Amino acid sequence: MTLSPRIQEITSRRLNDLVLPTGGWSSEARSAALNRVQSLGLPSNRDEYWKFTPPETLTTAQVPPASLFVDVDESPVFGNIDRLKLVFVDGVFDAAASDQLALENVTIERLGESKDRDDHWGREVYGVLEQSGQVPVARPLAALNTAFATDGILIHVRGTPSKPINLVYVHSNETSDAILHHVIKVNPGAECTILESGPAAARFNKCMEIDIADGGALHHVRAQGRDHERRAATHMFARVAANALFKSFTLTVNGRLTRNEIFVELLGRNSMAHVAGACVGDGDFHHDDTVFVTHAAEDCKSRQVFKKVLRNGATGVFQGKILVKPDAQKTDGYQISQSLLLDGDSQFLAKPELEIYADDVACSHGSTSGAIDEGELFYLRARGIEQAEATDLLTLAFLNEAVSEIDNEELADEIQSRLAAWLMRHRPS
Amino acid sequence: MTVLEQPQVKEGVDQETVDAVREIGTYKHGWETDIETEYAPKGLTADIVRLISEKNNEPEWMTDWRLQAYERWLQVNEPSWAMVNYPQIDFQDQYYYARPKSMENKPKSLDEVDPKLLATYEKLGIPLKEQMLLAGVETDETSAVENRKVAVDAVFDSVSVGTTFQAELKKAGVIFCSFSEAVQEHPDLVQKYLGSVVPMSDNYYATLNSAVFSDGSFVYVPENVRCPMELSTYFRINAENTGQFERTLIIAAKGAYVSYLEGCTAPQRDTSQLHAAVVEIVAEEDAEVKYSTVQNWYPGDENGIGGIFNFVTKRADCRGDRAKVMWTQVETGSAVTWKYPSCILRGNEAQGEFYSIAITNNYQQADTGTKMVHLGRNTRSRIVSKGISAGQAQNTYRGLVSMHPRAQSSRNYTQCDSLLIGDKCGAHTVPYIEVKNNSSRVEHEATTSKVDEDQLFYCRARGMDEEEAVALVVNGFCKDVLQELPMEFAMEAQQLVAISLEGSVG
Amino acid sequence: MLDIKNLHVDLEEEDKSILKGVDLHVDAGRVHAIMGPNGSGKSTLSYVLAGRDGYTVTQGSVSLRGDDLLSLEPEERAAKGLFLAFQYPVEIPGVGNMTFLRTAVNAQRKARGDSEMSATDFLRMTREKAKQLQIDADMLKRPLNVGFSGGEKKRNEILQMVILEPRLCILDETDSGLDVDAMKLVAEGVNALRDDGRGFLVITHYQRLLDHIKPDVVHIMVDGRIAKSGTSELALEVERNGYADILAETAL
């Protein structure tokens with residue numbers, strides 16, 4: 005298919021300023037990815053999956069500036085959790101601020117560090133999962149990331165480390181444009197938790213490819229930074245083998261534009277994927293979850309739970325699909341997307357899809373949008389709880405279904421307390 | 009078809025279903041009427057558009073409107089977003105106008121109509137004599153409704169053959185006639201409302217229809233009149249290699265009520281035929297319109313050869329406060345269906361409802377659903393969609409629920425259920441939900457599953473064969489929609505459910 | 082304690098008059114029962130006292146221990162000591178029963194200027210009181226009223242009442258949907274709270290609850306008014322003869 009002149013122009017203008025890193029084991033994957041971007045073209049609002057979210061600010065050559073935000077009112081997320089900390093400042097790894105890249109049962113290295121090793125395991129994953137995620141819906145920003153990523157982390161999980169690995173993103177420059185690409189490979193039977201926190205840059209394009217072998221498990225919990233003006237387009241590609249587990253939860257508070265794409269393929273029998281998200285936005289806030297879960301094997305289970313709380317003109321978008329391939333019999337697929345609109349200005353746009361080619365399945369989805377339930381509110385107030393507190397309590401209860409998807413209680417409490425604090429700060433005066 | 013034993017009545021089994029399943033091997037209406045037909049030359053040009061207009065003896069404004077649509081059509085592209093695949097349609101390799109020779113001089117009454125045409129409708133079970141009732145109804149002894157009258161407008165290829173009960177309807181103030189007649193007799197009404205709900209530029213097929221529509225039905229129910237009988241249009245495609253493009257316009261003035269039924273069939277042929285219709289409904293303040301369709305165009309054979317390509321635009325504009333429109337559809341026919349009967353809920357407290365059963369078997373593909381656009385305050389909409397997919401078929405529900413900022417305190421409830429029979433077919437759900445105020449509540453639920461093995465086993469343990477059991481279970485699955493159909497259609501629809509699934513098991 | 086004077090109330094949405102001049106006085110230490118046929122306005126009275134939206138007071142006044150009740154928000158009324166045991170307790174998924182109770186207790190203490198109760202004290206108190214009502218630990222952990230049986234919901238209402246120690250307790254058809262054993266438990270809970278400083282308004286359709294909670298005064302409500310008041314004898318009379326006699330009397 006040939007691209008329209010407009011898309012060609014957008015694409016070449018963006019690509020002109022970028023430099024393709026050369027040499028090393030990833031270079032083939034990078035040039036293939038560049039070809040993908042050039043043939044797909046960058047997204048425009050004409051694309052079916054960009055109807056609800058304007059992509060323009062994510063594709064310009066110039067970064068729209070984003071002023072820095074100092075969260076004096078809160079301690080850093082996951083700060084009290086025993087973790088291995090890896091810090092990126094405006095998309096560049098900061099060794100001084102990070103812990104040693106050493107943790108038992110895990111090998112951690114920077115992308116590009118051992119680039120001359122031709123037999124590097126990263127070859128089997130880097131750009132491979134991203135490419136497979138281009139069907140049925142193109143994700144040109146992810147291909148762009150594979151081609152031009154300037155930094156990232158490669159994590160090879162060989163057993164079960166004692167603590168989570170926390171990727172901490174710091175935003176320190178008002179026009180930073182970070183492109184990070186992480187690769188995680190989980191060996192058979194191994195299990196690991198990855199945490200992500202912080203706003204990363206004025207504009208952030210992130211790709212994370214996750215390859216989980218038989219019986220492996222990966223838990224992912226992220227808290228996207230509180231900077232009001234930052235923009236982010238993130239992609240997660242997960243390939244899940246037999247009896248393996250992939251769980252991901254994302255908390256988003258603030259941010260001008262967030263597009264979180266998740267693409268999970270359940271390729272082995274009896275594998276499982278749970279993806280969840282809770283977001284709260286006030287004012288100039290646009291949040292988009294675009295989630296595709298593909299069942300390609302028998303007896304797999306997937307859950308998608310997404311909750312959004314919006315006020316003062318905030319916009320929430322959910323596009324989610326459960327795709328069941330012809331042989332994926334006995335699939336159990338569930339998806340729920342709900343929004344709570346706290347005032348009349350906010351909006352919720354959703355496209356929850358089912359695409360099913362196998363008959364022995366039980367798939368369902370639900371989507372609701374509305375205000376706080378008056379009956380519930382009255383019940384709480386009749387017990388003496390004042391309106392603002394009662395509203396917060398009900399709002400937290402609404403978000404709780406997503407937060408409770410996090411297995412680790414300590415992490416769930418951490419997220420819960422951040423949400424409560426946000427609501428408290430954002431009580432209407 | 010093999011000869012079956014006399015069906016035995018089993019306890020708890022709907023006799024109609026059993027009979028239908030046993031009786032029918034394949035498509036029931038696949039025969040053709042041997043009749044002399046005159047065609048406009050093949051292909052589509054401005055001259056063909058003028059010719060169609062001329063054949064209908066149309067005034068200049070109508071011709072101009074068509075030509076404008078034709079010009080527009082040349083500039084737009086065929087939509088590709090639906091989940092349907094079909095070979096490229098060669099719009100120049102078909103006829104856009106086909107008329108039985110005997111209709112050259114329009115008969116003054118049904119008595120003058122060619123007996124072959126009348127026989128066609130009789131064979132289809134469509135009463136064109138006013139003393140007759142729709143097939144099935146008269147035999148239903150338990151029914152308390154005797155003498156339920158149904159007025160019929162019978163459309164054969166490109167022309168209306170005749171319309172019954174016109175005189176009686178006229179007495180009530182109701183206008184019910186063919187579209188071509190309306191252009192002659194009520195040009196002011198046609199001019200006022202035509203294209204006001206579905207603009208000529210609405211979409212590719214609606215634009216095509218606007219250029220070449222040949223006939224259709226016209227209904228006007230004046231203020232505070234409750235239409236004394238059900239109105240219906242029966243569409244029959246007979247001519248080969250010919251597209252049917254009909255246009256229906258229904259206007260319910262303030263406080264009016266009308267229930268309208270639509271049915272359609274076509275002969276069994278190896279080549280596909282195009283059907284692109286437009287239906288526009290206007291409901292003023294406190295008006296209520298019920299529109300029910302049983303779509304049974306030829307679906308193609310078990311190998312996917314032939315069948316109708318059905319690209320239809322149907323939309324209702326609830327202009328006045330408390331206006332109410334209800335769409336009910338049973339879609340069992342056509343090789344490809346592309347159809348989204350919609351409601352624009354403009355008036356405050358307006359209501360829109362959409363009840364749909366879509367059954368696809370063999371190689372059929374259906375992409376169907378609705379749009380509920382809430383503009384007025386306190387508007388309500390309800391969507392119940394049941395999709396059944398068997399064989400190698402693909403069945404998609406596609407819908408939009410949109411709550412605009414000023415549609416305060418509105419509600420929508422959507423339930424989409426899909427049933428899969430066999431592991432070669434597909435069932436898909438593509439809803440769009442846009443909520444732009446917080447006093448409104450939108451709820452969407454969808455499920456996909458296969459026919460419940462326990463239910464099937466239970467039925468078979470009571471003596472039903474697999475196909476009967478499936479038909480029964482599927483009828484149960486569709487019950488929420490079937491019960492919304494007018495009685496005249498409910499029975500036919502129930503049988504169709506069974507027939508359409510013929511050969512889907514075992 | 083509670084003074085209702087000539088209370089007229091309309092239903093907001095339907096513009097329909099429900100209460101048409103209710104006069105009622107409840108003293109501390111007394112139990113008043115209100116009986117009456119369906120649709121007489123009993124539940125409306127309880128909702129209006131608790132401050133639910135959707136009702137318009139067109140005439141009259143209500144004071145609770147000297148405060149103008151009608152000018153207060155629902156939570157302010159609760160802090161002043163008014164408690165409504167709901168006929169249909171609301172299910173709130175995602176809010177734990179314990180979390181809810183503690184939030185309510187502390188909100189009321191705060192409103193009264195008291196310090197918050199410590200987590201340990203609260204836990205000890207709740208467990209003890211729950212035990213008396215045969216509410217197990219599991220019920221305390223589950224989301225508020227979600228999946229509770231009818232009896233469990235009503236016992237949970239009484240537990241809240243016992244913990245919040247209100248001044249005026251309104252029980253809106255708390256006996257509906259309860260079997261005899263559950264009703265006894267509920268009544269025991271109520272009776273344990275009876276003291277000189279507390280008033281009760283027990284709304285019920287049947288006399289049987291009044292076998293267990295002996296009222297000091299019984300009122301019969303008909304068509305939005307108190308049609309007749311008397312001793313507990315009046316409740317027995319209703320039990321025997323239904324409301325027909327009273328209806329006939331008031332029609333005169």
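Chains as they are written, first to last, in the working numbering: chain A, 5 to 433; chain B, 9 to 514; chain C, 82 to 333.
Where is the CB? At the ideal position from N, CA and C, for every residue including glycine.
Every value quoted in this text rests on a predicted model; they were computed, and no experiment measured them.
Per DSSP, residue 187(C) lies in no beta strand (DSSP E); the unbroken alpha helix (DSSP H) holding it starts and ends at 178-192.
As for any beta strand (DSSP E) of minimum length 3 sitting wholly inside the region 307-374 of chain A, the runs are 319-328, 335-345, 351-360, 365-374, ordered along the chain. Shown here for residue 284(A): same chain residues with a beta carbon closer than 6 Å to its own, the five before and five after excluded, namely 257, 313, 426 in chain order.
Residue 165(B) places its beta carbon less than 8 Å from that of residue 106(B).
Note: residue 335(B) is bridge-paired with 299(B), 362(B) in the DSSP secondary-structure output. Between residue 158(A) and residue 113(A), the C-beta spacing is below 8 Å. Contact holds between the region 251-269 of chain C and the region 164-176 of chain C, because three or more Cβ pairs, one in each stretch, are under 8 Å apart. Only exposed fits residue 465(B), as fewer than 16 other CB atoms lie within 10 angstroms of its CB. Residue 171(C) belongs to the set of residues whose beta carbon lies under 8 Å from a beta carbon in chain A.
Taking one beta carbon from each stretch, the region 399-406 of chain B and the region 424-435 of chain B have 3 or more pairs nearer than 8 Å; the two touch.
For the 8 Å CB-CB criterion, residue 302(B) and residue 509(B) do not form a contact. In the DSSP assignment, no residue is bridged to residue 264(C). If you ignore the 5 residues before and after residue 478(B), its C-beta comes within less than 8 Å of the C-beta of 429, 459, 464, 509, 512, 513, all in its own chain and listed in chain order.
Flagged as an interface residue toward chain B: residue 351(A), by a C-beta distance shorter than 8 Å. Between residue 391(A) and residue 407(A), the C-beta gap is not smaller than 8 Å, which leaves the two residues out of contact. The DSSP assignment places 54-63 as complete runs of the alpha helix (DSSP H) inside the region 30-64 of chain B, in order along the chain (cut-off: 4 residues). Boundaries of the alpha helix (DSSP H) harbouring residue 475(B): 474-485, taken from the DSSP string. Between residue 410(B) and residue 385(B), the C-beta gap is not smaller than 8 Å, which leaves the two residues out of contact.
Chain B places no beta carbon closer than 8 Å to that of residue 381(A), leaving this residue out of the contacts.
Rounded to the nearest angstrom, the Cβ distance from residue 233(A) to residue 70(A) is 4 Å, consistent with a contact under 8 Å. Under the DSSP definition of a beta bridge, residue 103(B) partners with 250(B). Of all residues in the region 220-244 of chain C, the ones placed with a Cβ closer than 7 Å to any Cβ belonging to chain A are 241, in chain order.
Closest in C-alpha terms to residue 394(A), from the list 405(A), 404(A), 382(A), 403(A), comes 382(A). Taking C-alpha positions only, residue 342(A) is separated from residue 58(A) by approximately 21 Å.
With respect to chain C, the C-beta atom of residue 398(A) has a partner C-beta closer than 8 Å.
Partner residues in a beta bridge of residue 138(A), as assigned by DSSP, do not exist. Per DSSP, reduced to three states, the secondary structure at residue 199(A) is strand.
Per DSSP, the unbroken beta strand (DSSP E) holding residue 449(B) starts and ends at 449-458. Linking residue 242(C) to residue 227(A) through their CA atoms gives a straight-line distance of about 40 Å. Contact residues of the region 398-412 of chain A toward chain C are 398, 400, 401, 402, 403, 404, 405, 408 (C-beta to C-beta distance below 9 Å). Its chain contains no residue whose beta carbon lies nearer than 6 Å to that of residue 49(B) once the 5 sequence neighbours on both sides are disregarded.
Between the alpha carbons of residue 375(B) and residue 370(A) lies a gap of roughly 20 Å. Straight across, the Cα-Cα distance linking residue 356(A) with residue 407(B) is about 11 Å.
For residue 347(A), the CB contacts under 6 Å within the same chain, skipping 5 residues up- and downstream, are 315 in chain order. The residues 256, in chain order, have a CB closer than 6 Å to that of residue 290(C) in the same chain once the five nearest residues on each side in sequence are set aside. In the structure shown, residue 269(A) falls within a strand segment according to DSSP collapsed to helix, strand and coil.
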